[in-house]
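Below is one structure; the comments refer to it alone.
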Amino acid sequence: MTQRPTQVLARRHAHVVGPRRPLSEFFRRPSVSVAVRILMCDTVDPDTRWSVFTVVAGSRLGPRAPFFQRALQFCHRCMPAKAPDVLHAAVRHGIAVHENDTLFCTFLGACRATTPPPLQPAFDAYRRCGPRTHNVISSLVSICRLANRPEQALALVADAVDNDVDISQHLLSLFAVCCATSQTPHAADTAERILDLVRSSRIAPHPNYPTYANLVKALLCQARFDAAVGALDLLDSVGLPPCQHLYGLVVGALVHAEHMDKAMSVFRRVAERRVRLLAHVFTSLVAACGRYQYRGHTRALYRYATDHGYLDDVFIVDAFIAAFRRCGCIVDARQLFCSLTLPQTSTRKAMVAAYNHHDLYRDAIATFNDCRRVGHLLPGNVYSCIVEVFASRDRVRDALAVFREMAEHDVECSAPAFTCLVLTCGRNSHLFALQALHRFALSRDSDTLLSGASVAFVAAYIRCGRPQDALRVLSSMSSTDLIVKAVALVEQLKTAGQLPADMADRLISSAGRRRCGTLPVSPSLSRDGLAERSPTVE
Numbered sequence: 001m002t003q004r005p006t007q008v009l010a011r012r013h014a015h016v017v018g019p020r021r022p023l024s025e026f027f028r029r030p031s032v033s034v035a036v037r038i039l040m041c042d043t044v045d046p047d048t049r050w051s052v053f054t055v056v057a058g059s060r061l062g063p064r065a066p067f068f069q070r071a072l073q074f075c076h077r078c079m080p081a082k083a084p085d086v087l088h089a090a091v092r093h094g095i096a097v098h099e100n101d102t103l104f105c106t107f108l109g110a111c112r113a114t115t116p117p118p119l120q121p122a123f124d125a126y127r128r129c130g131p132r133t134h135n136v137i138s139s140l141v142s143i144c145r146l147a148n149r150p151e152q153a154l155a156l157v158a159d160a161v162d163n164d165v166d167i168s169q170h171l172l173s174l175f176a177v178c179c180a181t182s183q184t185p186h187a188a189d190t191a192e193r194i195l196d197l198v199r200s201s202r203i204a205p206h207p208n209y210p211t212y213a214n215l216v217k218a219l220l221c222q223a224r225f226d227a228a229v230g231a232l233d234l235l236d237s238v239g240l241p242p243c244q245h246l247y248g249l250v251v252g253a254l255v256h257a258e259h260m261d262k263a264m265s266v267f268r269r270v271a272e273r274r275v276r277l278l279a280h281v282f283t284s285l286v287a288a289c290g291r292y293q294y295r296g297h298t299r300a301l302y303r304y305a306t307d308h309g310y311l312d313d314v315f316i317v318d319a320f321i322a323a324f325r326r327c328g329c330i331v332d333a334r335q336l337f338c339s340l341t342l343p344q345t346s347t348r349k350a351m352v353a354a355y356n357h358h359d360l361y362r363d364a365i366a367t368f369n370d371c372r373r374v375g376h377l378l379p380g381n382v383y384s385c386i387v388e389v390f391a392s393r394d395r396v397r398d399a400l401a402v403f404r405e406m407a408e409h410d411v412e413c414s415a416p417a418f419t420c421l422v423l424t425c426g427r428n429s430h431l432f433a434l435q436a437l438h439r440f441a442l443s444r445d446s447d448t449l450l451s452g453a454s455v456a457f458v459a460a461y462i463r464c465g466r467p468q469d470a471l472r473v474l475s476s477m478s479s480t481d482l483i484v485k486a487v488a489l490v491e492q493l494k495t496a497g498q499l500p501a502d503m504a505d506r507l508i509s510s511a512g513r514r515r516c517g518t519l520p521v522s523p524s525l526s527r528d529g530l531a532e533r534s535p536t537v538e
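full-length UniProt numbering applies: residue 1 is where the sequence shown begins, and numbers increase by one.
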């Protein structure tokens with residue numbers, strides 16, 4: 001004979017005696033009220049309480065909404081994964097779940113307590129019987145965020161609008177976060193719709209700047225620049241002047257996307273309202289104006305920086321000097337540099353580069369020497385820059401002196417500066433210096449230095465009248481691209497009559513065999529062969 005569920009439970013808990021024990025009462029006479037007492041009793045183990053619920057849910061005791069409310073509260077505390085089963089049972093018993101905001105929110109609360117949250121069952125329940133209320137929609141959006149599926153919450157905006165749900169500041173902020181984190185075209189569409197709803201007064205213009213920042217982020221992520229600028233206009237129109245962070249988001253994105261006219265247009269609004277743009281955004285704007293050689297814009301930004309105290313920031317100062325260099329405004333760069341009480345090392349380096357760019361090498365050298373006199377620890381990029389200054393003007397001894405100082409202090413030279421120095425030695429027939437540089441490069445075991453200067457060494461040895469050394473350098477090359485470049489150089493020198501035809505043909509033939517992998521590396525120029533030689537430049 002099949003036993004009823006109450007009989008099974010009674011036998012399992014036969015040790016429980018006493019008329020006041022809830023389990024005893026339930027075994028003797030099952031009722032909804034006693035079941036509720038058991039569900040809320042934390043001294044009874046969860047499995048037993050769930051068994052009590054299944055007995056009532058499968059009976060004809062006629063449980064109503066309060067019973068299922070208590071069952072969902074039990075799930076929230078002890079067995080959150082069972083919440084969908086409780087809600088299904090409530091629907092089977094004819095409970096008007098679609099009208100019971102509290103009951104459905106308790107169900108969603110249990111879903112939030114589950115790891116991971118059962119997002120799809122929660123949405124299925126909402127579509128089937130969920131009330132379209134503020135609390136329900138807010139809870140469902142929160143579940144989407146917990147499940148890392150913010151894009152699924154975007155459809156709830158339409159539900160809230162279509163069902164005339166009041167979109168509070170909290171709900172609006174949740175929608176905005178989901179728009180920003182989704183990073184999809186649909187999220188940008190939703191952000192635009194929300195802003196339109198604010199514009200039409202369907203949504204109140206809540207004074208919450210992070211909310212609008214997230215909506216703007218969603219627009220900028222999809223390059224909706226006009227809509228993002230329109231959001232700034234909207235905030236102005238509803239009495240919420242855009243804040244520093246919002247302006248920074250828009251200007252930074254426009255600069256990154258190279259929309260300089262729009263970026264400067266927004267910046268003019270910033271200046272008119274006396275808002276202080278974030279330093280890193282302002283730096284990027286200055287750098288971009290220099291990059292595109294917008295002289296007028298650069299000077300306008302400089303006036304703004306002077307008025308707002310930006311020139312205390314070394315990064316902004318360096319950006320202005322670089323921008324003035326690119327715009328051909330060396331006088332402005334000099335004036336800025338001279339106005340500084342104690343320029344930082346990076347600023348001096350930027351000024352050296354500016355002087356060099358405009359062929360003012362004496363000023364570049366003077367700035368470099370000043371930097372050494374004040375005892376600054378000079379980084380490699382400053383040294384490298386001055387090496388290029390000397391080398392590009394064939395001042396070999398000076399360039400070598402600076403390079404020797406770098407070697408003594410173990411300061412790394414940049415590949416372009418080293419290559420420039422090698423070419424200068426070849427151009428001026430400084431063979432001993434050239435050989436010392438070659439030994440230095442080999443002793444450093446630096447692929448970057450060697451590969452960057454190997455073609456330069458070929459050219460330099462040829463100009464010094466040492467084609468055999470050039471041949472050995474070429475035979476040591478392992479990169480096909482470098483070999484191709486070296487061959488092109490040899491052919492160019494042959495055509496110009498600067499290299500005998502027979503030697504040029506030997507070099508080209510050697511390069512061909514090297515490309516095919518049949519020519520061994522010359523031991524006299526291998527790293528092992530010269531490893532014991534002095535790494536310093538004489």
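C-beta atoms are modelled at their ideal positions from N, C-alpha and C, and glycine is treated no differently.
Note that the structure is predicted; figures quoted are calculated from it, not measured.
Straight-line spacing of the CA atoms in G58 and M40 works out to 19 Å.
Here the alpha carbon of Y209 sits roughly 18 Å from the alpha carbon of V281. With a beta-carbon spacing of about 5 Å, I462 and A470 fall inside the 8 Å limit used to define contacts. In this structure the stretch 123-132 does not touch the stretch 166-175; the number of beta carbon pairs closer than 8 Å is below three. Residue burial annotation: N148 is exposed, with fewer than 16 other C-beta atoms found within 10 angstroms of its C-beta. CA-CA distance, V422 to R397, rounds to 13 Å. Straight-line spacing of the CA atoms in T133 and Q222 works out to 31 Å. Remark: three or more beta-carbon pairs, one from each stretch, lie closer than 8 Å, so the stretch 52-66 and the stretch 27-39 are flagged as touching. Assignment of S476 by DSSP, reduced to helix, strand and coil, places it in the coil class.
In the displayed model, L154 falls within coil according to three-state DSSP, outside both helix and strand.
Rounded to the nearest whole angstrom, the C-alpha separation of L87 and L23 is 24 Å. T211 carries a helical assignment under DSSP once its states are collapsed to helix, strand and coil. Per DSSP, the unbroken alpha helix (DSSP H) holding Y247 starts and ends at 244-256. DSSP, read as helix, strand or coil, puts G296 in helix.
Contact annotation, C413 with S443: C-beta distance approximately 13 Å; criterion of less than 8 Å not satisfied. Under the three-state reduction of DSSP output, T345 falls in the helix class. Remark: C-beta atoms of V352 and I386 approach each other more closely than 8 Å. In terms of Cβ geometry, H76 and A35 do not form a close pair [threshold 8 Å]. A direct Cα-Cα distance of roughly 27 Å separates S346 from L437. Around the beta carbon of A257, a 10 Å sphere encloses fewer than 16 other beta carbons of the protein chains shown; the residue is thus reported as exposed.
Shown here, I462 sits in a helix according to DSSP, grouped into three states. Classified as buried, T181 has 16 or more neighbouring CB atoms from the shown chains inside 10 Å of its CB. The beta carbon of S429 is closer than 6 Å to those of C464 in its chain, skipping five residues each way along the sequence. Under the three-state reduction of DSSP output, H308 falls in the coil class, being neither helix nor strand.
Below 8 Å, enough C-beta pairs join the stretch 200-218 and the stretch 173-188 to call them touching: three or more.
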